[in-house]
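> Residue numbers (the numbering used here), protein chains in the order written: chain A, 1 to 363; chain B, 1001 to 1285. Using N, Cα and C, we set each Cβ at its ideal position, and we do this for glycine too. This structure is a prediction, so every number in the text was calculated from the model and none was measured.
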């Protein structure tokens, strides 16, 4: 196993040197001089997020809460696509399934306690993603990328159609008037408290994800993304790794979905379907896939601009979005974050730093 | 007996529509290896061109004849400007064409508003067969689909252009070395696929009327059909489209439409999982 680890570590060096052309650019140069851009960006974003409710009006805080929840959702997609290279074109399936699940719990069972709702949402996301991911990714033959992306897209589309046609789920209208989340006798209303609660969850999940992608497991994932066959030859079970990260992504999406359902107060079929699935792809591609903070920034920018433009330019905003997306894909495939983040730092270092590792070699 | 015949006609005519839509998608996917997410929007554009012609007083059939040429030319330009950059990475191609589709769809939405615009059938009325009345236009669509299918097959299997296209698919490097201009072939293939989508949109607009999400409706069904049939040949996607189209039209007759809708997708994905090469494996036309 340790042999395999070393070999994989060598791959990561390989990845860095192979894609090392941007190393000459300014940001990367700064990174090699001991400056880390990523923590600064992360700190800035967190700082802005913390002070926001103090400067925003109430209705804007409600909007900001929605953005934070969507950022959590974007994080789930980024793990799956940005790190493991699984194109999940149906991530909203887990988001929406959890949303519908907790909405039904609130409607039919009168369960609104946050201590039950959030675990239930995460569990629904986990179950759904284990089932779909297990089916699409596992098996005797490795599935092609195209098959997985079309399979997830189809799953999401089918769920959307099912929700639209099923009377029990409210059909086209979805499930309206979900009561507020509760903790004991306290009710989470929209506003600063809900905002900080959601932000706290986002920070915790973000830190967990950060730990995950910087671990040995994260290194194997990055290897999967770059060259799946090579990882398989090193003895990793590539399909299992993919299924695991897919399930983790689904869990986070489920958590986000249950928060979203209670925050908006209703769920509707679009939450399950192609609309939200592609929306999250936009967030992550725009911000920068393969960096966790990129997903958050992409969500904030797209939602923010969309909100800002919605008064005057509602009709042409989707067209602008399409053009921007096309430009990003053609000229900035690593997203906006790549303007400040060098390639070397994006790929990052994994596990312990190499020098220390030679000092205390004991595993 | 009469109602069974009517049902069979319904099923066959819907199957024909799906085949028509999938033809272009299948040719682009098989011959170029990219899944074109903008294909649904090419269908929409074809429908829009037909509507424009009709709205400006031209006969509907004139718009239908013009649609494939307009959309084909548009596809050729798009390929030269944008799609060409995406050949190396199939997923990036999916995202890029998705962005293109978004731009086209929202532009058309801006032009027509959120309305459902109707275009009359160029051949109206119905054909009476004893006690059964079938729509003349739907019957025409079936006939045209058969003609187009035959034409595409002959083009790819019997002409020198078809040979070049297949050679480029099989081994681009060798094709280039043999003096075939592969970029031109790719451009022409993409334009051809787009033109077929434009034709499909023009023909189906009297049946479904024109609205901005017309293309999306068929896109996912089309992809599933291509995968079921098998990528890499001409016959595969067509066969897949026949199966998917027939199933989605036939199942609602025996069970609740909601369940049928979802069941088709579940069955298709399960089928692809256990037979990744599709119904008709292997190269050839």
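1. Taking Cβ positions only, does residue 1110 of chain B come closer than 7 Å to chain A?
2. 7 Å is my cut-off, CB to CB: does residue 1047 of chain B come that close to chain A?
3. Quick one: which unbroken alpha helix (DSSP H) runs of 4-plus residues sit fully inside the stretch 1101 to 1160 of chain B? Chain order, please.
4. Between which two residues does the alpha helix (DSSP H) carrying residue 1074 of chain B extend?
5. Which residues, in order along the stretch 136 to 147 of chain A, keep a beta-carbon less than 9 Å from a beta-carbon of chain B?
6. For residue 337 of chain A, does the three-state DSSP call read helix, strand or coil?
7. Whole-angstrom Cβ separation of residue 69 of chain A and residue 256 of chain A, contact assumed at under 8 Å?
8. Across the stretch 1037 to 1045 of chain B and the stretch 1207 to 1220 of chain B, are there enough close Cβ pairs to call them in contact, namely three or more that are closer than 8 Å?
9. When DSSP builds the beta bridges, which residues end up paired with residue 188 of chain A?
10. Could you tell me whether the Cβ atoms of residue 77 of chain A and residue 91 of chain A are closer together than 7 Å?
11. Are the C-beta of residue 1117 of chain B and some C-beta of chain A separated by less than 7 Å?
12. Assuming residue 1021 of chain B contacts residue 1249 of chain B under a Cβ cut-off of 8 Å, what Cβ separation, rounded to an integer in Å, is found between them?
13. One question on the structure: do residue 277 of chain A and residue 81 of chain A come within less than 7 Å of each other, judged by their Cβ atoms?
14. Quick one: what's residue 1018 of chain B bridged to in DSSP?
15. For residue 280 of chain A, does the three-state DSSP call read helix, strand or coil?
16. Let me see if you follow: with CB-CB separation under 7 Å, is residue 105 of chain A close to chain B or not?
17. Would you mind reading off the limits of the alpha helix (DSSP H) that contains residue 1198 of chain B?
18. State the DSSP-derived secondary structure class of residue 1280 of chain B, mapped to helix, strand or coil.
19. Would you kindly work out how many angstroms separate the C-alpha atoms of residue 1107 of chain B and residue 1097 of chain B, rounded to a whole number?
20. Starting from the beta carbon of residue 66 of chain A, find every residue of chain B whose beta carbon is closer than 8 Å, and list them in chain order.
21. Along chain B, in chain order, which residues have C-beta atoms closer than 7 Å to that of residue 315 of chain A?
22. Is residue 1110 of chain B near residue 315 of chain A, with beta carbons less than 7 Å apart?
23. Any beta-carbon of chain A closer than 7 Å to the one on residue 1269 of chain B?
24. Any beta carbon of chain B sitting closer than 7 Å to that of residue 344 of chain A?
25. What do you get for residue 172 of chain A, buried or exposed, if any count of 16 or more other CB atoms within 10 angstroms of its CB means buried?
26. Verify whether the separation of the beta carbon atoms of residue 1119 of chain B and residue 1059 of chain B is less than 7 Å.
27. Helix, strand or coil: how does DSSP classify residue 1091 of chain B here?
28. Nearest chain A C-beta to residue 1099 of chain B closer than 7 Å, yes or no?
29. Just to confirm the assignment: which complete alpha helix (DSSP H) runs, minimum length 4, are found wholly within the stretch 162 to 248 of chain A?
30. Is the CB-CB distance between residue 228 of chain A and residue 238 of chain A below 7 Å?
31. Could you tell me whether the Cβ of residue 169 of chain A comes closer than 7 Å to any Cβ of chain B?
32. Check whether chain B comes within 7 Å of residue 230 of chain A, counting only Cβ atoms and requiring the distance to be less than that.
33. Residue 1107 of chain B versus chain A: which residues are under 8 Å apart at the beta carbon?
34. Do the stretch 40 to 54 of chain A and the stretch 217 to 225 of chain A touch if we need at least three Cβ pairs shorter than 8 Å?
35. Using the Cα positions of residue 1171 of chain B and residue 230 of chain A, report the straight-line distance between them to the nearest angstrom.
36. I'd like the ranges of any alpha helix (DSSP H) spanning at least 4 consecutive residues and lying wholly in the stretch 79 to 156 of chain A.
Let me lay it out:
1. yes
2. no
3. 1136 to 1158
4. 1060 to 1081
5. 136, 139, 141, 143, 144, 145, 146 and 147
6. helix
7. 6 Å
8. yes
9. A:181
10. yes
11. no
12. The pair is not a contact, with the Cβ atoms about 14 Å apart (cut-off 8 Å).
13. no
14. Answer by DSSP bridge pairing: none, since residue 1018 of chain B is not bridged.
15. helix
16. no
17. 1182 to 1208
18. coil
19. 15 Å
20. By Cβ distance, chain B contributes nothing, its closest Cβ being about 22 Å from residue 66 of chain A, past 8 Å.
21. 1110
22. yes
23. yes
24. no
25. exposed
26. no
27. helix
28. yes
29. 192 to 213, 216 to 226 and 228 to 233
30. yes
31. no
32. no
33. 319
34. no
35. 25 Å
36. 92 to 108 and 114 to 137
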